[in-house]
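Read the structure below first, then the notes.
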Amino acid sequence: MFQWMYCEHFQTYMKQFTLNLGIELINARWIRNMDDQTKNQQSVFNEPDLIQRLMGDTDLEKAVIAAFLSEIPELILQLKQFVDAGNIANARLQAHTIRGAAANLSAGNLRAAAEQIEELCKQDDLESCKPGIAVLETEFDRFTNVIGSLGLLHPLKEKA
Amino acid sequence: MTVKSLIVEDDFTSRLIIQRLLASYGECHMAVNGREAVAAFLDAIRSDEPYTLICLDILMPEMDGHQALKEIRSIEAENGIMIGDGVKIVMTTALGDMNSKLTALNASCDAYLVKPLDVNKMLETLRCFKLVD
Numbered sequence: 001m002f003q004w005m006y007c008e009h010f011q012t013y014m015k016q017f018t019l020n021l022g023i024e025l026i027n028a029r030w031i032r033n034m035d036d037q038t039k040n041q042q043s044v045f046n047e048p049d050l051i052q053r054l055m056g057d058t059d060l061e062k063a064v065i066a067a068f069l070s071e072i073p074e075l076i077l078q079l080k081q082f083v084d085a086g087n088i089a090n091a092r093l094q095a096h097t098i099r100g101a102a103a104n105l106s107a108g109n110l111r112a113a114a115e116q117i118e119e120l121c122k123q124d125d126l127e128s129c130k131p132g133i134a135v136l137e138t139e140f141d142r143f144t145n146v147i148g149s150l151g152l153l154h155p156l157k158e159k160a
Numbered sequence: 001m002t003v004k005s006l007i008v009e010d011d012f013t014s015r016l017i018i019q020r021l022l023a024s025y026g027e028c029h030m031a032v033n034g035r036e037a038v039a040a041f042l043d044a045i046r047s048d049e050p051y052t053l054i055c056l057d058i059l060m061p062e063m064d065g066h067q068a069l070k071e072i073r074s075i076e077a078e079n080g081i082m083i084g085d086g087v088k089i090v091m092t093t094a095l096g097d098m099n100s101k102l103t104a105l106n107a108s109c110d111a112y113l114v115k116p117l118d119v120n121k122m123l124e125t126l127r128c129f130k131l132v133d
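Protein sequences appear in the order of chains A and B. Per this note's numbering: the first sequence = residues 1 to 160. Per this note's numbering: the second sequence = residues 1 to 133.
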């Protein structure tokens, strides 16, 4: 995916485009060669993508996962409360926050579920948000299960 | 060069990722919405210890990033700081649509990074600004 940014140095601008395109091509080829189970797991949590974006910092990975696991249940609860109260504006903001956090954690399915709720809020369709929240909760449970299967469920306890 | 930065994010994981990168280069402050960001920016200007860099989310409660960006540039103009000489502002947001990008550009942001956050891209952005080696 092309992500542009202003930069005074033209060479760096071009390099960023080429680097992004290269990474996309490599990921596409790599994902095509994976088996279905791996693909399914990667759509829930793509750890290689997360590690790459954090430049291989596994300590940061653990800290971010711990923060995410701690933060998301409360955010989903607040989202439910906003939807139940008919507060579309805050529901949209909350869904957007969950979407951004899930994107940061390479939790693709969770990100997509949050984005769907955000779109429904933009369309003033609060009723459809309720089943959407059930999907969000299911995807968070799946994310937690995958994290657990990778031994990352209590990432900060390893240091103790 | 020391980078005094302000991270404006309502999401804890985003604050954590950005702060881990920027803490290596200098003082890091946090704000969770645009209103806090503008207040912190104004306070820094008045103390004669301005920020070098602001990482600014867009959709936030109380005041969004677009509004905060306008107000920060307005404060700079009132203090005689020309466009281009002020604080470097990087939008860090999940909004990847062209409209959001153009809105931010027209309000004089310096870069626009779409989430998921990528430490490498952020570092490259800082190098473009010549804030880090």
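All C-beta atoms, glycine included, are put in the ideal place defined by N, C-alpha and C.
Here Val132(B) is not near Tyr51(B), since their CB atoms are 8 Å or more apart. Using a C-beta cut-off of 8 Å, the region 86 to 104 of chain B makes no contact with the region 20 to 37 of chain B, since fewer than three inter-stretch Cβ pairs fall below that distance.
Rounded to the nearest whole angstrom, the CA to CA distance from Pro131(A) to Val83(A) is 11 Å.
Contact with chain A is found for Ala94(B), since one of that chain's Cβ atoms lies less than 8 Å from the residue's Cβ. Using beta-carbon distances, Phe45(A) does not count as an interface residue toward chain B, since no partner is under 8 Å. Here the region 7 to 14 of chain B makes contact with the region 86 to 103 of chain A; the two share three or more CB pairs at distances below 8 Å.
For the C-beta of Val64(A), the chain B residues within less than 7 Å are, from N- to C-terminus, Thr13, Leu16, Ile17. Listed in chain order, the beta strand (DSSP E) runs fully inside the region 30 to 96 of chain B are 53 to 56, 88 to 93, counting runs of at least 3 residues. Going by beta carbons, Thr92(B) and Lys70(B) fall outside the 8 Å limit.
Leu152(A) is bridged by DSSP to nothing; it lacks a bridge partner. With the rule of 3 Cβ pairs closer than 8 Å, the region 107 to 126 of chain B counts as touching the region 53 to 71 of chain A.
According to the DSSP assignment, Ala111(B) belongs to the beta strand (DSSP E) that extends over 111 to 114. Put simply, the region 60 to 79 of chain A touches the region 104 to 120 of chain A. At least three CB pairs are less than 8 Å apart.
Per the DSSP secondary-structure output, Ile7(B) pairs in a beta bridge with Met30(B), Cys55(B). In this structure, DSSP gives Asn99(B) a helical state, which the three-state scheme calls helix. Leu113(B) is positioned such that its CB atom lies closer than 8 Å to that of Val90(B). At least one C-beta of chain B is nearer than 8 Å to the C-beta of Ser106(A). About 6 Å separates the beta carbon of Val146(A) from that of Gln41(A), a gap short enough to meet the 8 Å contact definition.
Under the DSSP assignment, Leu16(B) falls in the alpha helix (DSSP H) whose first and last residues are 12 to 22. Under the three-state reduction of DSSP, Met122(B) is assigned to helix. Restricting attention to Gln94(A), Ser149(A), Gly148(A), the CA atom closest to the CA of Arg111(A) is found in Gln94(A). Take the alpha-carbon of Ile83(B) and the one of Arg73(B): they are about 8 Å apart.
Unbroken alpha helix (DSSP H) stretches of 4 residues or longer found wholly inside the region 57 to 101 of chain A: 58 to 84, given in chain order. Contacts with chain B at 8 Å (Cβ-Cβ) do not include Ala91(A). Separation of the CB atoms of Ile54(B) and Leu16(B) is rounded to 17 Å, and the pair is thereby denied contact status at 8 Å.
Linking Ser149(A) to Arg142(A) through their CA atoms gives a straight-line distance of about 11 Å.
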